[in-house]
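**Q** Following this message is one structure expressed as structure tokens.
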Amino acid sequence: MLIRVTFLGTGAGTPGKDRYLPAILIEDGQRRVLLDSGEGVQYRLLEVGISPLKITHIFITHLHGDHVFGLPGLLATMAMLGRKDDLIIAGPRGITNFVKGAMEVVGDPPFNVLIYEVEPAESTRDVVNEENFYVQCTLARHTIADCAYALHWRTYVGKFNPERARELNVPVTYWKKLHMGEMVVLDDGRIVKPEDVVDISSSGTVKLVYTGDTAPTDTVVNISRNAQLLIHESTFSAREDGNLVWNQGHSRSIDAASIAKEAGVERLVLTHISNRYSDPELLALEASEIFPNVLAARDLMSIVINV
């Protein structure tokens with residue numbers, strides 16, 4: 489299984505010429521997940537060739553406008569295109585009222601919106617739990633309630649059993665997906681799980697963490713431990729005064745790097761970058777002195793996690 493992470497918007501506060509507002513697309517072969525839905529998200533989806541009808545989950549970190557003002561328009565487009573599939577939207581307190589308000593403008597949509605309103609806490613809370621995918625959140629350190637999310641994929645390692653697959657009448661075209669740990673739905677409606685046709689010798693998880701807006705905090709360290717990828721806000725450069733930045737509920741490049749180092753993550757990506765910085769590589773260079781495996785996100789940049 490491949491997990492593709494595409495940064496649709498990497499800016500902060502207000503849109504820039506080269507940086508749209510926060511939105512990240514996660515694709516794993518079974519689902520397409522949005523992390524935040526800043527203004528302009530629909531344009532970026534068009535640019536990467538993803539229909540709004542294909543979005544399965546939307547996780548909103550907090551209700552500041554730069555993270556949610558793209559959501560009403562996205563819902564309206566889904567309705568206009570005749571979406572039928574359920575849509576999962578999760579977020580902190582207030583997300584229910586926000587979505588319901590948007591739907592009053594959209595009208596009665598032809599699809600169900602399943603809203604999960606979470607009260608983020610210092611302990612980790614479960615948000616979604618599916619077959620091979622689950623999401624948890626914790627309280628980030630911002631000026632309003634903010635969910636930092638950890639996305640987990642359960643992985644399986646084992647030997648594919650072709651005889652068992654034939655007994656279940658599973659077409660060969662599905663074998664690779666099953667061997668890679670993906671559940672499949674056959675043409676006759678039957679659901680086949682990896683463990684049905686794979687002799688599993690070991691299992692594990694892949695973890696991706698997205699902080700939303702946050703000052704440095706132990707809760708983010710804890711939820712990020714041993715993650716394959718940490719996407720951490722880096723609104724400001726190391727040149728800025730730390731106390732001023734933290735009091736605004738934000739982080740500097742070196743703060744994100746320190747969190748990544750303490751949490752023992754494999755890779756760090758900086759995002760939510762202020763428009764005052766024309767070259768985000770400055771922030772990555774600062775962070776690399778503390779945590780070398782770091783990138784500064786740019787709009788439409790994609791990275792892949794091999795599972």
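Everything in the sequence shown is counted per the working numbering, starting at 489 for the first residue and increasing by one.
The beta-carbon is built from N, C-alpha and C at its ideal position, and this holds for glycine as well.
1) My output table needs one value for A772: the three-state DSSP class, helix, strand or coil.
2) Three or more C-beta pairs under 8 Å: does that hold for the region 605-619 against the region 647-660?
3) Do L758 and Y765 have their beta-carbon atoms positioned less than 8 Å apart in this structure?
4) Excluding the 5 residues preceding and the 5 following V694 in the sequence, name in chain order all residues of the same chain whose CB lies nearer than 8 Å to its CB.
5) Sort out for me which residues DSSP pairs I711 with in a bridge.
6) Take P510 as the anchor and find which of H552, F621, R520 and Q518 has the nearest alpha-carbon.
7) Apply the 10 Å Cβ neighbour rule to N620 and answer buried if 16 or more other Cβ atoms are within range, or exposed otherwise.
8) Taking all protein chains shown into account, do 16 or more other C-beta atoms lie within 10 angstroms of the C-beta of P780, making it buried, or fewer, making it exposed?
9) Give the straight-line distance between the Cα atoms of D743 and P704, rounded to the nearest whole angstrom.
10) Determine, using beta carbons only, whether D524 comes closer than 8 Å to chain D.
11) So for L569, helix, strand or coil by DSSP?
12) Can you name, in chain order, every residue of its own chain whose Cβ lies under 6 Å from the Cβ of R755, other than the five neighbours on each side?
13) Could you tell me the alpha carbon to alpha carbon distance between I577 and I548, rounded to whole angstroms?
14) In chain order, what residues of the same chain lie with their CB nearer than 6 Å to the CB of L559, ignoring the 5 residues before and after it?
15) Taking the alpha carbon of L562 as the reference point, which residue from T612, I538, Y662 and N585 has its own alpha carbon closest?
16) Can you grab the Cα-Cα spacing for the pair N530 / R652, in whole Å?
17) On the three-state DSSP scale, how would you describe A500?
18) Which residues bound the beta strand (DSSP E) around E721?
**A** Based on what the coordinates show:
1) helix
2) no
3) no
4) I491, H640, W641, T643, Q716, I793 and V795
5) Answer is none; I711 lacks a bridge partner.
6) Between P510 and the set H552, F621, R520 and Q518, the nearest pair of CA atoms involves H552.
7) Per the 10 Å Cβ criterion, buried.
8) exposed
9) 6 Å
10) Considering every chain present, this structure includes no chain D. It has just one protein chain.
11) coil
12) L717 and N781
13) Taking the Cα positions, I577 is about 8 Å away from I548.
14) S525
15) I538
16) Strictly speaking, residue 530 in this sequence is Gln, with Asn absent from that position. C-alpha separation (whole angstroms): 43 Å.
17) coil
18) L717 to E721
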